[in-house]
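**Student:** Residues in the sequence shown are numbered from 3 upward in steps of one, following the numbering used here.
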Amino acid sequence: MRIRPDATISRDKLVKYLLVSRPWDDKSVFLSRAGYTLANPDDLEHAIRELAASVGASEDARNEYGVFWRVEGELVGPLARLAVELIWMRRQINERFPFVALKPRRVPKKPAKPGDSHVA
């Protein structure tokens, strides 16, 4: 399934949460590595929408409020690419699709091949 084009991304989520320094769960430093800052929140919104439109979403969880959907991929920023997970929720009450969260995606390291060790 793809996230719907009319899915909502709160401006406050961008400029009061994701792009500002926070003492806990700070995403601003991570996002700044790709060139996203408070000076260009529209670029971040565009990249989130581009990723959501280009990759299928998988069901992540359900609760009394609705179904959570996860999109994994790369945000393409002005300076770099970032591996991320985007979380969206399809609300049970009105079928709307708000953007819920952005998390750095943990990319598993490839196991070492035999003979790759460099022991001195």
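For glycine and all other residues, C-beta sits at the position ideal for the given N, C-alpha and C.
Give the C-beta separation of Ile95 and Glu47 to the nearest angstrom, bearing in mind that I take them to be a contact with Cβ-Cβ under 8 Å.
**Tutor:** Wrong, their Cβ atoms sit about 24 Å apart, outside the cutoff.
**Student:** So Trp3 packs on Ala63, CB below 8 Å; how close in whole Å?
**Tutor:** Per the sequence shown, the amino acid found at residue 3 is Met instead of Trp. That belief does not hold up - the Cβ atoms of Met3 and Ala63 are roughly 15 Å apart, past 8 Å.
**Student:** Would you kindly check if the distance between the Cβ of Phe99 and the Cβ of Ile5 is under 9 Å?
**Tutor:** Yes, the Cβ-Cβ distance between Ile5 and Phe99 is below 9 Å.
**Student:** Thinking Leu77 and Ile50 are a contact (beta carbons under 8 Å), I'd like their distance in whole angstroms, please.
**Tutor:** About 7 Å; that satisfies the 8 Å criterion.
**Student:** Could you say which of Leu88, Arg108, Ser30 lies nearest to Ala20 if we only look at CA atoms?
**Tutor:** First, the amino acid is wrong: residue 20 is Leu here, not Ala. Checking every option, the nearest Cα to that of Leu20 belongs to Ser30.
**Student:** Put Ser12 into one of helix, strand or coil per three-state DSSP.
**Tutor:** Coil.
**Student:** On the DSSP letters alone, give me the boundaries of the beta strand (DSSP E) that Ala63 sits inside.
**Tutor:** Per DSSP, Ala63 belongs to the beta strand (DSSP E) from 60-65.
**Student:** Quick check on His48 - is its C-beta less than 9 Å from some C-beta in chain D?
**Tutor:** Going by chain labels, chain D is absent from the structure shown, which holds only one protein chain.
**Student:** Count the other CB atoms within 10 Å of the CB of Ala41; is the residue buried (16 or more) or exposed (fewer)?
**Tutor:** Answer is exposed; the Cβ neighbour count stays below 16.
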